[in-house]
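Peer 1: What follows is a single structure, and I will ask about it in a moment.
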Amino acid sequence: MSRIFNPADHSLQYYSALVVAETIGSSNKSQIVDLNANNAYEFTPAYAVYEDGTPLRVALFNFVTDPSGASDYTATISVGDSTPGQVKVK
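In terms of numbering that gives the first Met the number 0, the sequence shown has 30 at position 31, counting the first letter as 1, and numbering is strictly consecutive.
See below:
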C-alpha cells in the first residue's frame, strides 16, 4: 500500500520543531519543568525553562477548541514572590 504525499504533514513537523527550538533555546543548558498548569489540564500545558538554575522562559500552550470561539486562555506568571512587569510573546 503506497501512501500519498501530503505537504501539510511535513509543515506540521516543521512548526512543532520551531516551537520546541524557540522554547529550549541554543545554550545547551536548558532544564524543562512541567508546571502542571490548570490542575494538569491536558489542553493547556505549561513548561518553565531554566538555565543554570535560573528561570528564563515559560512556554504556554492552548489546545482548547470550542466551536463558539470561547477558547481564550489567561495565564498569571509569578517568579518567586513577584510577577514580571512585562513578557515577550512569540
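Here a beta-carbon is modelled for each residue, glycine too, at the ideal position from N, C-alpha and C.
Would you mind reading off the limits of the beta strand (DSSP E) that contains A58?
Peer 2: Position 59 of the sequence shown, counted from the start, is the residue given in the question as residue 58. 53-59 is the span of the beta strand (DSSP E), which, as asked, contains A58.
Peer 1: Quick check: what's the CA-CA separation for G84 versus Y13?
Peer 2: In the sequence shown, residue 84 corresponds to position 85, counting from 1. In the sequence shown, residue 13 corresponds to position 14, counting from 1. Approximately 32 Å between the Cα atoms of the pair.
Peer 1: Please state whether DSSP places Q30 in a helix, a strand or coil.
Peer 2: Walking along the sequence shown from the start, residue 30 turns up at place 31. Reduced to three states, the DSSP call for Q30 is strand.
Peer 1: Using 7 Å as the threshold, is the C-beta distance between N37 and T43 below it?
Peer 2: Here residue 37 corresponds to residue number 38 of the sequence shown, with the count starting at 1. Here residue 43 corresponds to residue number 44 of the sequence shown, with the count starting at 1. Going by C-beta atoms, N37 is nearer than 7 Å to T43.
Peer 1: For A16 and F62, I'd like the C-alpha separation in whole angstroms.
Peer 2: On the sequence shown, position 17 is the one that residue 16 refers to. On the sequence shown, position 63 is the one that residue 62 refers to. Rounded to whole angstroms, A16 to F62 spans 17 Å at the Cα level.
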